[in-house]
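Peer 1:
Protein chains: 2
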Amino acid sequence: MLSKKAKYALKALLYLTRQQNAGLVIISDIAEKERIPRKFLEAILVDLKTNGILHSVRGKKGGYSLAKDPAEISVGNIIRMIDGPLAPIPCVSHQYYRKCDECMDEATCEIRIVMKKVRDATAAILDTTFLSDLEALKAILQEESDQPIDFQI
Amino acid sequence: MLSKKAKYALKALLYLTRQQNAGLVIISDIAEKERIPRKFLEAILVDLKTNGILHSVRGKKGGYSLAKDPAEISVGNIIRMIDGPLAPIPCVSHQYYRKCDECMDEATCEIRIVMKKVRDATAAILDTTFLSDLEALKAILQEESDQPIDFQI
DNA sequence: TATTAAATCTAGTAATTTAGTAGACATATA
DNA sequence: TATATGTCTACTAAATTACTAGATTTAATA
Chain V
1 MLSKKAKYAL KALLYLTRQQ NAGLVIISDI AEKERIPRKF LEAILVDLKT
51 NGILHSVRGK KGGYSLAKDP AEISVGNIIR MIDGPLAPIP CVSHQYYRKC
101 DECMDEATCE IRIVMKKVRD ATAAILDTTF LSDLEALKAI LQEESDQPID
151 FQI
Chain W
1 MLSKKAKYAL KALLYLTRQQ NAGLVIISDI AEKERIPRKF LEAILVDLKT
51 NGILHSVRGK KGGYSLAKDP AEISVGNIIR MIDGPLAPIP CVSHQYYRKC
101 DECMDEATCE IRIVMKKVRD ATAAILDTTF LSDLEALKAI LQEESDQPID
151 FQI
């Protein structure tokens, strides 16, 4: 399961992506619009800043903005940053590889093979989906949901 | 991440699959061979029994055996049984669907779309991989690892 | 029938992770 | 100087994970 923290991070980043031309955005604004607990969000944004995803300005008229092009920030990137490995077991993770505790022989572990498939399929999706893709997707979804079904037929 | 509990369940089931013609197998045997804490394994096996995966006999000469054909027990089945949904967020789960807490409109949620892809890819793998497949796979992996590389050329 | 070897049941516990909260502090603008 | 912002430190409560201990039930066998 994706943690709430990671989900909030994605929501906040997508909000900032949509507000890209609006200059700096304040925490309270993001918190309110995306329904994220204010203080919790603060910590998340600091984390994203530390990881070079966000840029911030302190003081009056301060706020947050993206530090990179949304086409360069992948969903996989953010999830790994907040939640750690995408892989369901440590021995199939690329970026966080670790031997499984009870594992006797990695070379003959069947579970490892299935889980590697899962991690590869997951990474293939999340590492090729960028904030910009999701922004475009949102626009399409909104158009679709504006069109009442009756009119589409 | 897959819990240790689910991993132990899979290991135990795969062990029982390999011992299928050996009659009943006792907990201590599984625990020892698969390096699973004995008492923890007990609870897991009871769980699997309750879910109709295992058959057991009490008393002297008792033990456990599979209650079904290994070709009918999928990995997805077991993981759902122990860990719950495969889906990374509740709103894309088929068997455990729930609305996300902060979600304002499911129809326009971009995160939902990516996560649905992940859940579908994961389910496609885990729901079509059965204990029998993994047993066959193990045999192949063992042969390969028995063959020193030098002799294969 | 007593002994033994097995599963099962009840009831915990310690450590870790998750999802936050409170409040003081630093900084920039007006 | 007042005010509106981000930042830092230090908590906390609840849930989850990964177990453990010990009594009990059941069936075979000596």
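Chains as they are written, first to last, in my numbering: chain V, 1 to 153; chain W, 1 to 153. Just so it is clear, CB atoms sit at the ideal spot from N, CA and C, and this is done for glycine as well. Please read all numbers here as calculations on a predicted model, not as lab measurements.
Would V/His55 pass as a contact of V/Leu45 if the rule is Cβ separation under 8 Å?
Peer 2: As a working note, residue 55 of chain V is residue 55 in the first sequence. As a working note, residue 45 of chain V is residue 45 in the first sequence. No.
Peer 1: Would the C-beta of W/Lys5 count as close to the ligand SAH, meaning under 7 Å from any of its heavy atoms?
Peer 2: Ligands in the displayed structure: none, and consequently the ligand SAH is not present.
Peer 1: Grab me the residues of V/Ser93's own chain with a C-beta within less than 6 Å of its C-beta, minus the 5 sequence neighbours each way, in chain order.
Peer 2: Residue mapping note: residue 93 of chain V aligns to position 93 of the first sequence, counting from 1. Cβ within range, chain order: Pro85 and Ala87.
Peer 1: Anything in the stretch 62 to 90 of chain V with a Cβ closer than 7 Å to a Cβ of chain W? List those residues in chain order, please.
Peer 2: Those residues of the stretch 62 to 90 of chain V that come within reach of chain W (Cβ to Cβ, closer than 7 Å) are Val75, Pro88 and Ile89.
Peer 1: Buried or exposed: W/Phe40, going by 16 or more other Cβ atoms within 10 Å of its Cβ?
Peer 2: For the purposes of this step, residue 40 of chain W is identified with residue 40 of the second sequence, where counting begins at 1. The residue in question, W/Phe40, is exposed, as its Cβ has fewer than 16 Cβ neighbours within 10 Å.
Peer 1: Rounding to the nearest angstrom, what Cα-Cα distance links V/Tyr15 and W/Gln147 in this structure?
Peer 2: Residue mapping note: residue 15 of chain V aligns to position 15 of the first sequence, counting from 1. Residue mapping note: residue 147 of chain W aligns to position 147 of the second sequence, counting from 1. Distance between the alpha carbons of V/Tyr15 and W/Gln147 is about 55 Å.
Peer 1: To which residues does DSSP link V/Phe130 through a beta bridge?
Peer 2: Translated into the one-based positions of the first sequence, residue 130 of chain V becomes position 130. Answer is V/Ser74.
Peer 1: Whose C-beta lies closer than 7 Å to the C-beta of V/Leu131 among residues of the same chain, with five residues either side of it excluded?
Peer 2: For the purposes of this step, residue 131 of chain V is identified with residue 131 of the first sequence, where counting begins at 1. Within the same chain, V/Leu131 has close Cβ partners Leu13, Leu14, Thr17, Pro70 and Ile73.
Peer 1: Using 8 Å as the threshold, is the stretch 108 to 127 of chain V in touch with the stretch 123 to 138 of chain W, meaning 3 or more CB pairs across them?
Peer 2: At 8 Å Cβ cutoff, the stretches touch.
Peer 1: Going straight from the alpha carbon of V/Leu10 to that of V/Asp29, what length do you get?
Peer 2: Working through the first sequence from its first residue, we reach residue 10 of chain V at position 10. Working through the first sequence from its first residue, we reach residue 29 of chain V at position 29. Answer to the nearest angstrom: the Cα atoms are 15 Å apart.
Peer 1: Per DSSP, which one or two residues make a beta bridge with V/Tyr64?
Peer 2: In the first sequence, counting from the first residue as 1, residue 64 of chain V sits at position 64. In the DSSP output, where bridge partners are listed per residue, V/Tyr64 has V/Val25 and V/Ser56.
Peer 1: Take W/Ala43 as the anchor and find which of W/Lys4, W/Lys138 and W/Tyr96 has the nearest alpha-carbon.
Peer 2: Taking the first residue of the second sequence as position 1, residue 43 of chain W is located at position 43. Measuring from the Cα of W/Ala43, the nearest candidate turns out to be W/Lys4.
Peer 1: Is it buried or exposed for V/Met115, if we count other Cβ within 10 angstroms and need 16 for buried?
Peer 2: Against the first sequence, residue 115 of chain V aligns to sequence position 115. When all chains shown are included, V/Met115 counts as buried.
Peer 1: Rounded C-beta distance between W/Ile26 and W/Gly63? I'm assuming under 8 Å.
Peer 2: Residue 26 of chain W sits at position 26 when you count from the first residue of the second sequence. Residue 63 of chain W sits at position 63 when you count from the first residue of the second sequence. Contact flag correct, Cβ pair sits at about 4 Å.
Peer 1: Looking only at its own chain, which residues have a Cβ that is under 6 Å from the Cβ of V/Asp83, when we skip the five neighbours before and after it?
Peer 2: The count along the first sequence starts at 1 and reaches residue 83 of chain V at position 83. The answer, listed in chain order, is Ser3 and Ala6.
Peer 1: State the DSSP-derived secondary structure class of W/Ile153, mapped to helix, strand or coil.
Peer 2: Taking the second sequence and counting its residues from 1, the one referred to as residue 153 of chain W is at position 153. Because the pLDDT at W/Ile153 is just 47, under 50, the model does not fix this residue reliably, and the value given afterwards should be weighed accordingly. Coil.
Peer 1: Just the chain V side, please: which residues come within less than 7 Å of W/Gln142 by C-beta, in chain order?
Peer 2: In the second sequence, counting from the first residue as 1, residue 142 of chain W sits at position 142. The answer, in chain order, is Thr108.
Peer 1: Output the distance between the C-alpha atoms of W/Arg35 and W/Cys100, rounded to the nearest integer angstrom.
Peer 2: In the second sequence, the residue the question calls residue 35 of chain W occupies position 35. In the second sequence, the residue the question calls residue 100 of chain W occupies position 100. C-alpha separation (whole angstroms): 38 Å.
Peer 1: Show which residues of chain V have a CB atom less than 8 Å away from the CB atom of W/Leu126.
Peer 2: For the purposes of this step, residue 126 of chain W is identified with residue 126 of the second sequence, where counting begins at 1. What W/Leu126 touches in chain V: Val114 and Val118.
Peer 1: Starting from V/Lys138, find everything on chain W with Cβ-Cβ shorter than 7 Å and list it in chain order.
Peer 2: Here residue 138 of chain V refers to the residue found at position 138 of the first sequence. Those are Thr108 and Glu110, listed as they occur along chain W.
Peer 1: Roughly how many angstroms separate the alpha carbons of V/Ile53 and V/Ala22, rounded to a whole number?
Peer 2: Sequence index remark: in the first sequence, residue 53 of chain V carries index 53 (1-based). Sequence index remark: in the first sequence, residue 22 of chain V carries index 22 (1-based). When rounded, the distance between both Cα atoms is 17 Å.
Peer 1: Determine the extent of the alpha helix (DSSP H) in which W/Ala6 is found, giving its start and end residues.
Peer 2: Here residue 6 of chain W is taken as the residue at index 6 of the second sequence, counted from 1. Here the alpha helix (DSSP H) through W/Ala6 covers Lys4 to Arg18.
Peer 1: If distances are taken between C-alpha atoms only, which option among W/Thr128, W/Ile89, W/Glu106 and W/Ala121 comes closest to W/Ile78?
Peer 2: Residue mapping note: residue 78 of chain W aligns to position 78 of the second sequence, counting from 1. Comparing Cα positions, the closest option is W/Thr128.
Peer 1: Report back the beta-carbon spacing between W/Leu126 and V/Val75 to the nearest angstrom; my notes put them in contact at under 8 Å.
Peer 2: Against the second sequence, residue 126 of chain W aligns to sequence position 126. Against the first sequence, residue 75 of chain V aligns to sequence position 75. With a Cβ gap of about 21 Å, W/Leu126 and V/Val75 do not count as contacting.
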